[in-house]
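For the sequence shown, the positions run 20 to 256 when our numbering is used. Just so it is clear, CB atoms sit at the ideal spot from N, CA and C, and this is done for glycine as well. Note that the coordinates shown come from a computational prediction; the quantities given were computed from them, not determined experimentally.
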Amino acid sequence: MNATAIKKPIARKSVRKIKSHLTKVVSAQSTSVNKLQPEEDIRDAVSKLKRERIISTALELFNQNGLTNTTLDAIAERMCVTKPFIYAHFDSKNDLLAEICSRGIRASLDVLNRVVASRGTASEKLSVLAHDFMLAVIENQGAIAIYTREEKHLSEESNLEIQKMRREFDRKFCALLERGVKDCEFKVDDVQLTSLAIGGIISWSYVWYRPNGRLSKEQTASHVSSLVMAMVQSHQH
Numbered sequence: 020m021n022a023t024a025i026k027k028p029i030a031r032k033s034v035r036k037i038k039s040h041l042t043k044v045v046s047a048q049s050t051s052v053n054k055l056q057p058e059e060d061i062r063d064a065v066s067k068l069k070r071e072r073i074i075s076t077a078l079e080l081f082n083q084n085g086l087t088n089t090t091l092d093a094i095a096e097r098m099c100v101t102k103p104f105i106y107a108h109f110d111s112k113n114d115l116l117a118e119i120c121s122r123g124i125r126a127s128l129d130v131l132n133r134v135v136a137s138r139g140t141a142s143e144k145l146s147v148l149a150h151d152f153m154l155a156v157i158e159n160q161g162a163i164a165i166y167t168r169e170e171k172h173l174s175e176e177s178n179l180e181i182q183k184m185r186r187e188f189d190r191k192f193c194a195l196l197e198r199g200v201k202d203c204e205f206k207v208d209d210v211q212l213t214s215l216a217i218g219g220i221i222s223w224s225y226v227w228y229r230p231n232g233r234l235s236k237e238q239t240a241s242h243v244s245s246l247v248m249a250m251v252q253s254h255q256h
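Structure below.
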């Protein structure tokens, strides 16, 4: 056999060195990734704060002056920034309007999905839903007011997306009421009508609720929840 064809085994010491080197490389890469992650989180948080600041300023001006009388220049001026600052987060004024108009239904649908996915009886879920749905409306009072007034200015695509969320909300809400009727927890003759009545009572609270009124938002939500449970004749209110 040709001696040159015989490969000398790698010394154990060399193997240990290689393993040690690889461990250091992997550790360094892992440390690098861990260092980048917080920086990415910070960038995302800063971007979100900037976006929220634009939305809150636009919401304020839309409510004060109306959509047509509010320009992106006016929003930028109120914020003491330039228009490119806004364009970095929104493509247009209509894009900004769509975000504001979708906030009420998106928050309400988030509440409904969370409640439906939770444990409990239909009565327990409806009580929590009515309470938290009311809070969602109160906390998005300005956005809902703008949606009601400026809906006609939404693009067809944005309007369809909002309508899709509203239909999903109605469908899931009716399903919850139907479950309560089936389990003999609710006494409801017409589930769809009851759903519309409850939804109307809560949704239209954006018109009459006053932050500095007699009741706090938490007290208001609790009272409305009790009222809703009385409407379905549940004994758990």
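Between which residues of its own chain and residue i is the CB-CB distance below 6 Å, once the five residues before and five after are set aside?
i	result
Q48	Bear in mind that a pLDDT of 48 at Q48, under 50, signals an unreliable position, so the model cannot answer this.
I217	V247
A240	H150, M153, L154
K206	Q252
K54	With a pLDDT of only 48 at K54, under the threshold of 50, the placement of this residue in the model should not be trusted; the figure read from the coordinates follows. No residues qualify anywhere along the chain.
M98	T76
F81	T89, I165
A64	none
By a C-beta neighbour count over all protein chains shown, 10 Å radius and 16 as the cutoff for buried, is residue i buried or exposed?
i	result
V247	buried
G199	buried
E251	Reading the sequence as shown, one finds Val at residue 251 and not Glu. So V251 counts as buried.
K144	buried
A148	Just to set this straight, residue 148 is Leu in the shown sequence, not Ala. The residue in question, L148, is buried, as its Cβ has 16 or more Cβ neighbours within 10 Å.
V243	buried
E204	buried
L179	exposed
L212	exposed
L234	exposed
S214	buried
Residues in its own chain within less than 7 Å of residue i by CB, not counting five upstream and five downstream?
i	result
A95	T101, K102, F104, I105
K191	L131, V135
K69	H108
K236	L154, I157
L128	M184, E187, F188
E175	none
V193	The sequence as given places Cys at residue 193; Val does not occur at that position. Closer than 7 Å at the Cβ level, and outside the excluded window around C193, lie V210, Q211, S214.
Using only CA atoms, which one of the options lies nearest to residue i?
i	options	result
S245	R229, I221, E170	I221
R229	E58, A107, F81, N159	N159
I157	E169, C203, G232	G232
R86	C99, K69, H108, I119	Checking the displayed sequence, the identity of residue 86 turns out to be Leu instead of Arg. With distances taken between Cα atoms, L86 lies closest to I119.
L195	H242, S146, E175, S111	S146
N84	L215, E71, E169	E169
A141	L179, R97, K201	K201
D110	M98, I73, E59, G219	I73
Within its chain, find whatever has a CB closer than 8 Å to the CB of residue i; leave out the 5 residues flanking it on each side and keep chain order.
i	result
R197	Note that residue 197 is Glu in the sequence shown here, rather than Arg. Cβ neighbours of E197 beyond the five flanking positions: V210.
L173	N113, L116, A117, C120, I181
I'd like to know if residue i contacts chain C, where contact means its C-beta is closer than 8 Å to some C-beta of that chain.
i	result
E176	The question asks about chain C, but that chain is absent: this structure has only one protein chain.
- Does the pairing of the stretch 153-167 with the stretch 222-235 give three or more beta-carbon distances under 8 Å? yes
- Are there three or more Cβ pairs, one per stretch, closer than 8 Å when the stretch 179-199 is compared with the stretch 124-135? yes
- Task: Give, in chain order, every unbroken run of the beta strand (DSSP E) that is at least 3 residues long and sits entirely within the stretch 208-252.
- Result: none
- Does the count of Cβ pairs from the stretch 85-93 and the stretch 143-155 closer than 8 Å reach three? no
- Item | Ordered list of alpha helix (DSSP H) runs contained in the stretch 136-200, each at least 4 residues | 141-158, 160-169
- Query: Counting pairs of Cβ atoms below 8 Å between the stretch 73-90 and the stretch 108-115, do you hit three or more?
  - Reply: yes
- Considering only residues of the stretch 98-132, which uninterrupted alpha helix (DSSP H) runs meet the minimum length of 4 residues and lie entirely inside it, listed in chain order? 102-106, 112-120
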